[in-house]
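Colleague: Residue numbers (our numbering), protein chains in the order written: chain A, 383 to 833; chain B, 42 to 267. A virtual CB, placed ideally from N, CA and C, is assigned to each residue, including glycine. Before anything else, here's the structure in question.
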Amino acid sequence: MSYPTAKEQPNVYDEHPELQESATWTRQVIHEIQRAATEGIYSIRGGGAKRKVPHFDDLLFLGSSMSRYPLEGYREKCETDVTLGTRFAKKPLHLDIPITIAGMSFGALSAQAKDALGKGAAAMGTTTTTGDGGMTEEERASSKTLVLQMLPSRYGMNPDDLRKADAIEVVCGQGAKPGGGGMLLGQKISDRVAQMRTLPKGIDQRSACRHPDWTGPDDLEIKIAEIREITDWEKPIYVKVGATRTKYDVQLACKAGADVIVVDGMQGGTAATQDVFMEHVGIPTLPAVRIAVEALQGMGMHRKVQLIVSGGIRNGADVAKCMALGADAVAIGMAALFALGCNSPKYDKEYRKLGSAAGYYDAYHIGQCPAGISTQDPELAKRFDVELGGRRIKNLLKTMVLEAQTLARACGKSHLHNLEPEDLVALTLEAAAMAKVPLAGTDWYPGKGSF
Amino acid sequence: MNTIDLDKSEIRELNSMLHSIDGKSGDTSFLVINPKGKHNIAVGVDAEVDITIDGHAGHYVGGMNKYANITVTGNAGAGLAENIMSGVVRVKGNSSQYTGATGRGGLIVVEGDAAARCGISMKGVDIVVGGNVGHMCAFLGQLGNVVVCGDAGDAFGDSIFELNLFIQGKVKSLGTDCEEKEMDPEKLALLTELLDKAEIKADPKKFKVYGPARTLYNFKIDNAVL
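Right under this line is the structure:
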């Protein structure tokens, strides 16, 4: 049942100006209660937290003027490269840009979409990451530099793929659901997915949330050593956490021997999890970046163990602000999907047939994506143009880098890494407190001395 | 026979040597002495060789093993032969937690006891335990067979998918979605074959078999529409 449409019941509020929606019992809340009463199970969807949280828009850069001078946009260098895995790996990764493609599974996404992500990333000299389904031949072929995730589920895990990968990412959690395992509903468990994940076809798959063969950070140290031994110390080993108790997680990951640490804030996306998980667990990316950097600095390991941050990175401004706060690189997930065509107005008619609309579609878990991205349906996946998708990823990455360079040059920085917290001010008390960046026009943030 | 003394050599040297076996030099037997519980012994081996570890091994011995025949004469630590692809890993003593975790093929034999979570998340490996297993045996296991000649602790076969869990002794309690199945001739033949391959003497007719009840395979939605 849905609420009467504007067509069926025009101008409700014009006719009844006394009507006031409750802030506590909004129509969405009422709808969700009635859905729960109908179905008897939590609401599952894709995407990430929808609620507004303090984010990078609440920070601004202090560009140059008299007291600082900028770099010329077209003539003076602003470099963007980053090396990941300098701590222990024989073959660290040299990326041309500090933006990587985050882990998204084959299963969540079509093989075609994974292929396009690989092509676009390769064109820009950066990495893609496998997800909770293992490595596909398509992605290994198209992605020049590929990070293989090792998740609690261990779907598709094998030593040959470990050795084919360029880096390995031990996933403890992700921002959308820190403490939760993966989820893939029956309609997306196709023959190929079932075979790769060693599962019966058509079941509602729930991955484990804890690793099967190690429990705490001391075990993790031995596990990381095992992976290094199996791969003859060649490849950087990342540890990824969803942002919660970030300070301890980063310290422990560092102590356990991680070459690179990935911190994913609560705005991070997923193809499927409980709405309640997305909206009510984790901390925003903004404080997570600052906390992670402080933790590394405290151990004397900033820049020695590289930090990648993710969770709601949308544009070059977000990239530049993460770099200014001390990250070595960022990862994008949702932004890459939108670039591929997810939620494009082109598909609005089809979204409406699915009960949604362009700009609102988040039912990635259903597997009926009209763009052919978050689906295993071969008819839908066929629609997806891999070459075009690769170009669009390249264009997005290129634009984000140009934007970040623009901001860096405006701050007088010749490398994105040279951006620093002193280049930033905050617009709100929350953002100031979370990023430890002063409120614009003051030199104060909550927790610092006096006004 | 190649002998490696872990009192004199590092784990890195051992594994590096094992990874560079090319099948041409003719070395197919290796003896590792003085393991003294070191971790990551013989991990990532990808060759048809025999490796004997004389003493106690630490965590992950035989991790991600392909083709090799590995024997530990003493006890083994946690994660014995985790993610094993093929080959045989045998422990004459006891093995610690998560024995055979996420194993995809091959055979693991523990002649003594295997601790908690034996066969956790297994994906095709066969595990034969001469003694007892602890709690949560085969938790979230997806494919393969477990044979337990002794007893099992709590939550036996919790949340399993398509596994056969054979057990001769007592089950302290069953895990979620695990139920006793009929020991039909096909299962009896499979059990006999597994015990044979494991070279463990036991009478297959004394065993019971458990499997998934399959009630957790799909989310349950009521549809109590107004």
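#1: Name, please, each residue of chain A whose Cβ falls closer than 9 Å to the Cβ of B/Met126.
#2: Taking all protein chains shown into account, decide if A/His747 is buried (16 or more other Cβ within 10 angstroms of its Cβ) or exposed.
#3: From this set, B/Leu236, B/Thr114, B/Pro76, B/Met42, which residue's C-alpha is nearest B/Gly67's C-alpha?
#4: How do the segment 157 to 170 of chain B and the segment 178 to 188 of chain B stand: do at least 3 beta-carbon pairs fall below 8 Å, yes or no?
#5: When the Cα atoms are used, what is the spatial distance from A/Val712 to A/Gln577?
#6: Within 10 Å of its beta-carbon, does A/Thr613 have 16 or more other beta-carbons around it, so buried, or fewer, so exposed?
#7: Smallest Cα separation from B/Asp263: which of A/Thr420, A/Ala815, A/Arg791?
#8: Are the beta-carbon atoms belonging to A/Asp595 and B/Tyr101 less than 9 Å from one another?
#9: Against chain B, does A/Trp615 count as a neighbour if the rule is that its beta carbon must be under 9 Å from one of theirs?
#10: Go through its chain and collect everything with a Cβ distance to B/Glu203's Cβ below 6 Å, but skip five positions before and after it.
#11: Please compile the residues from chain B whose C-beta is within a distance smaller than 9 Å of the C-beta of A/Gly422.
#12: Would you call A/Arg534 buried or exposed, if buried means 16 or more other Cβ atoms sit within 10 Å of its Cβ?
#13: Measuring only between beta-carbons, confirm whether A/Pro618 sits less than 9 Å from chain B.
#14: Starting from A/His476, follow the beta strand (DSSP E) in both directions and report where the run begins and ends.
#15: Using only the alpha-carbon positions, how far apart do A/Tyr537 and A/Ala786 sit?
#16: Is it buried or exposed for A/His437, if we count other Cβ within 10 angstroms and need 16 for buried?
#17: According to DSSP, simplified to helix, strand and coil, what is A/Asp600?
#18: So that I know if they touch, is there some Cβ in chain B lying closer than 9 Å to that of A/Ser572?
#19: So which of A/Tyr743, A/Gly502, A/Ser492 has the shortest CA-CA distance to A/Lys570?
#20: Report yes or no: do the segment 585 to 593 of chain A and the segment 608 to 626 of chain A share at least 3 C-beta pairs separated by less than 8 Å?
#21: Quick check on A/Gln688: buried or exposed, where buried means 16 or more other Cβ atoms within 10 Å of its Cβ?
#22: Could you check where the alpha helix (DSSP H) with B/Val102 kicks off and where it finishes?
#23: Quick check: B/Gly103 and B/Val90, are their CB atoms within less than 9 Å of each other?
#24: Report, in whole angstroms, the separation of the C-beta atoms of A/Arg427 and A/Gly515, which I expect to be a contact under 8 Å.
#25: Which residues in the same chain have their Cβ closer than 6 Å to the Cβ of A/Met705, if we skip the five residues on either side of it in sequence?
#26: If we call anything under 9 Å between Cβ atoms a contact, is A/Val663 one with A/Leu707?
#27: What does the alpha-carbon distance come out to for the pair A/Val650 and B/Lys49?
#28: Nearest chain B C-beta to A/Ala419 closer than 9 Å, yes or no?
#29: Nearest-angstrom Cα distance between B/Ala98 and B/Phe207?
#30: Grab the span of the alpha helix (DSSP H) containing B/Lys77 for me, first residue to last.
#31: Tell me, to the nearest whole angstrom, how far the beta carbon of A/Leu442 is from that of A/Ala822; I am working on the premise that it is less than 8 Å.
#32: Just reading off the beta strand (DSSP E) that B/Asp48 is part of, what are its end residues?
#33: Quick check: the Cα distance between A/Lys559 and A/Tyr456, rounded to an integer number of angstroms?
#34: If the cut is a Cβ gap below 9 Å, which residues of chain A does B/Lys107 touch?
#35: Please classify B/Glu152: does DSSP put it in a helix, a strand, or coil?
#36: Quick one: using the 10 Å Cβ neighbour count with 16 as the cut-off for buried, is A/Leu602 buried or exposed?
Modeller: In this structure, then:
#1: Residue numbering aside, residue 126 of chain B sits at position 85 when the second sequence is read from its first letter. By Cβ distance, chain A contributes Asn540, Pro541, Asp542.
#2: The residue given as residue 747 of chain A occupies position 365 in the first sequence. By the neighbour-count rule (16 or more Cβ atoms within 10 Å), A/His747 is buried.
#3: As a working mapping, residue 67 of chain B is identified with position 26 in the second sequence. Nearest of B/Leu236, B/Thr114, B/Pro76, B/Met42 to B/Gly67, Cα basis: B/Met42.
#4: Yes, the segment 157 to 170 of chain B is in contact with the segment 178 to 188 of chain B.
#5: Within the first sequence, numbered from 1, the residue matching residue 712 of chain A stands at position 330. Within the first sequence, numbered from 1, the residue matching residue 577 of chain A stands at position 195. So the two alpha carbons sit approximately 32 Å from each other.
#6: Reading the first sequence from its first residue, position 231 is the one you call residue 613 of chain A. Classification of A/Thr613: buried, given that the 10 Å Cβ count is 16 or more.
#7: For the purposes of this step, residue 263 of chain B is taken as the residue at position 222 of the second sequence. Distances from the CA of B/Asp263 to each of A/Thr420, A/Ala815, A/Arg791 were compared; the closest alpha carbon is that of A/Thr420.
#8: Here residue 595 of chain A refers to the residue found at position 213 of the first sequence. Here residue 101 of chain B refers to the residue found at position 60 of the second sequence. For A/Asp595 and B/Tyr101, yes; Cβs fall inside 9 Å.
#9: For the purposes of this step, residue 615 of chain A is taken as the residue at position 233 of the first sequence. True, the Cβ-Cβ gap to chain B drops below 9 Å.
#10: What you label residue 203 of chain B is simply residue 162 of the second sequence in a count that begins at 1. Here the set comprises Leu184.
#11: For the purposes of this step, residue 422 of chain A is taken as the residue at position 40 of the first sequence. Neighbours of A/Gly422 across chain B, judged by C-beta separation under 9 Å: Lys261, Ile262, Asp263, Asn264, Ala265.
#12: On the first sequence, position 152 is the one that residue 534 of chain A refers to. Sequence check: residue 534 of chain A is Pro here, not Arg. Under the 10 Å beta carbon count, A/Pro534 is surrounded by 16 or more other beta carbons and is classified as buried.
#13: Here the question's residue 618 of chain A lines up with position 236 in the first sequence. Proximity of A/Pro618 to chain B, defined by a Cβ-Cβ separation below 9 Å, is not satisfied.
#14: The residue you call residue 476 of chain A lines up with position 94 of the first sequence. Looking at the DSSP string, the run of the beta strand (DSSP E) that includes A/His476 is 475 to 477.
#15: Position 155 of the first sequence holds residue 537 of chain A. Position 404 of the first sequence holds residue 786 of chain A. Distance between the alpha carbons of A/Tyr537 and A/Ala786: 37 Å.
#16: Counted from its first residue, the first sequence places residue 437 of chain A at position 55. Counting Cβ neighbours within 10 Å, A/His437 comes out buried, since at least 16 surround it.
#17: The count along the first sequence starts at 1 and reaches residue 600 of chain A at position 218. Three-state DSSP puts A/Asp600 in a helix.
#18: Here the question's residue 572 of chain A lines up with position 190 in the first sequence. Closer than 9 Å: no.
#19: Numbered from its first residue, the first sequence carries residue 570 of chain A at position 188. Minimum Cα distance to A/Lys570 is reached at A/Ser492.
#20: Note that the segment 585 to 593 of chain A does not touch the segment 608 to 626 of chain A; fewer than 3 beta-carbon pairs, one per stretch, sit closer than 8 Å.
#21: Position 306 of the first sequence, counted from the start, is the residue given in the question as residue 688 of chain A. A/Gln688 comes out buried.
#22: Looking up residue 102 of chain B in the second sequence gives position 61. No alpha helix (DSSP H) holds B/Val102; DSSP gives it neither H nor E.
#23: Sequence index remark: in the second sequence, residue 103 of chain B carries index 62 (1-based). Sequence index remark: in the second sequence, residue 90 of chain B carries index 49 (1-based). No; because the gap between Cβ atoms is not below 9 Å, this pair is not in contact.
#24: Looking up residue 427 of chain A in the first sequence gives position 45. Looking up residue 515 of chain A in the first sequence gives position 133. With 8 Å as the limit, A/Arg427 and A/Gly515 do not qualify as a contact, their Cβ atoms being about 19 Å apart.
#25: Taking the first sequence and counting its residues from 1, the one referred to as residue 705 of chain A is at position 323. Taken in chain order, the residues that qualify are Leu798, Leu801.
#26: Residue numbering aside, residue 663 of chain A sits at position 281 when the first sequence is read from its first letter. Residue numbering aside, residue 707 of chain A sits at position 325 when the first sequence is read from its first letter. No, the Cβ-Cβ distance between A/Val663 and A/Leu707 is not below 9 Å.
#27: Along the first sequence, read from residue 1 onward, the residue named residue 650 of chain A stands at position 268. Along the second sequence, read from residue 1 onward, the residue named residue 49 of chain B stands at position 8. Residue identity check: residue 650 of chain A is Gly in the sequence provided, not Val. So the alpha carbons of these two residues sit roughly 48 Å apart.
#28: Stepping through the first sequence from its first residue, residue 419 of chain A is reached at position 37. For A/Ala419, the answer is yes, since a Cβ of chain B falls inside 9 Å of its Cβ.
#29: What you label residue 98 of chain B is simply residue 57 of the second sequence in a count that begins at 1. What you label residue 207 of chain B is simply residue 166 of the second sequence in a count that begins at 1. The alpha-carbon atoms of B/Ala98 and B/Phe207 are separated by roughly 27 Å.
#30: Numbered from its first residue, the second sequence carries residue 77 of chain B at position 36. That residue, B/Lys77, is in no alpha helix (DSSP H); it is neither H nor E in DSSP.
#31: Taking the first residue of the first sequence as position 1, residue 442 of chain A is located at position 60. Taking the first residue of the first sequence as position 1, residue 822 of chain A is located at position 440. Between A/Ala822 and A/Leu442 the Cβ distance is about 6 Å, and since that is below 8 Å, they are a contact.
#32: Along the second sequence, one-based indexing puts residue 48 of chain B at 7. No beta strand (DSSP E) contains B/Asp48, which DSSP labels as neither H nor E.
#33: Locating residue 559 of chain A in the first sequence gives position 177, where the first residue counts as 1. Locating residue 456 of chain A in the first sequence gives position 74, where the first residue counts as 1. Per the coordinates, the alpha-carbon of A/Lys559 lies some 42 Å from the alpha-carbon of A/Tyr456.
#34: Within the second sequence, the letter at position 66 stands for residue 107 of chain B. Identification of chain A residues near B/Lys107 by a Cβ-Cβ cut-off of 9 Å yields Asn540, Pro541, Asp542, ordered along the chain.
#35: For this step, residue 152 of chain B is matched to residue 111 along the second sequence. The answer is coil: DSSP assigns B/Glu152 none of H, G, I, E or B.
#36: For the purposes of this step, residue 602 of chain A is identified with residue 220 of the first sequence, where counting begins at 1. Result: buried.
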